[in-house]
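K.L.:
Have a look at the structure that comes next, please.
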Amino acid sequence: MMRRIGVGALCYLVPTFVLGFVWHLVVFESYYERLAMYRQDVIVPFGFLSMTIQALLFAWVFDTSFARRAAGVGRRALAFAAFGAALSWSFTTIAVAAKNVMTSVPDYLLIETAFTAVQWAIVGPLMALSHAKLAPASDAAPPRASAAIAPE
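Using our numbering, the letters of the sequence shown map in sequence onto residues 1313 to 1464.
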């Protein structure tokens, strides 16, 4: 279990950190500057620490709540991505828009919603695929009943 959580955490942390850094500080840097909501000297280690905590918790949630579902890897990935995106969006987009000063709340909601969608389109499948590779056979979801009707 610890190995699955560690690998799952990396499946969240690596793409989220890389995407977050490139998205916020390179590709859309001027967009965020126009929102006038971030400090000039972003404290990257705080962001990394926050993502590390999130990574461990999301990996644990996947392992305990999504990994053993009686569904294929694709469906588990989609369900987890939807869950993760909704939860992330609630605390990284809606809550920030509610309490931080910015020049345009609608512009912030647009760019951060897009970020969250891209992030979870990457993280959900990575976490599900990595878990499928690491899970012992005893952890696998039970086989589904065949839909075929036996001949009489």
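Cβ coordinates follow ideal geometry from the N, Cα and C atoms, glycine included.
Tell me the residue span of the alpha helix (DSSP H) that contains residue 1330.
P.N.:
Note, residue 1330: alpha helix (DSSP H), 1314-1334.
K.L.:
What first and last residue would you give for the alpha helix (DSSP H) that runs through residue 1400?
P.N.:
1385-1401
K.L.:
Closer than 7 Å by C-beta to residue 1360: which residues in its own chain qualify, once you throw out the five before and the five after it? Chain order, please.
P.N.:
Cβ neighbours of residue 1360 beyond the five flanking positions: 1329.
K.L.:
Classify residue 1311: buried if its beta carbon has 16 or more other beta carbons within 10 angstroms, exposed otherwise.
P.N.:
Given a span of 1313 to 1464 for the chain in the structure shown, any question on residue 1311 remains unanswerable.
K.L.:
Is it the case that the Cβ atoms of residue 1370 and residue 1324 are separated by a distance below 8 Å?
P.N.:
yes
K.L.:
Taking the continuous alpha helix (DSSP H) assigned at residue 1421, which residues delimit it?
P.N.:
1417-1446
K.L.:
Indicate the three-state DSSP secondary structure (helix, strand or coil) for residue 1340 in the structure shown.
P.N.:
Note: residue 1340 maps to coil in three-state DSSP.
K.L.:
Quick one: Cα of residue 1432 to Cα of residue 1422, how far?
P.N.:
16 Å
K.L.:
Measuring straight from C-alpha to C-alpha, what distance separates residue 1379 and residue 1410?
P.N.:
34 Å
K.L.:
Locate the alpha helix (DSSP H) running through residue 1367, then write down its first and last residues.
P.N.:
1356-1373
K.L.:
Find out if the Cβ-Cβ distance for the pair residue 1420, residue 1337 is shorter than 8 Å.
P.N.:
Remark: C-beta atoms of residue 1420 and residue 1337 do not approach each other more closely than 8 Å.
K.L.:
Does the distance from the CB of residue 1447 to the CB of residue 1351 come in under 8 Å?
P.N.:
no
K.L.:
Excluding five sequence neighbours on each side, which residues of the same chain lie with their C-beta closer than 7 Å to the C-beta of residue 1342?
P.N.:
Sequence-distant partners of residue 1342 (beyond 5 residues in either direction) whose C-beta falls short of 7 Å from its own C-beta are missing from its chain.
K.L.:
Mapping the DSSP letters down to three states, classify residue 1380 as helix, strand or coil.
P.N.:
coil
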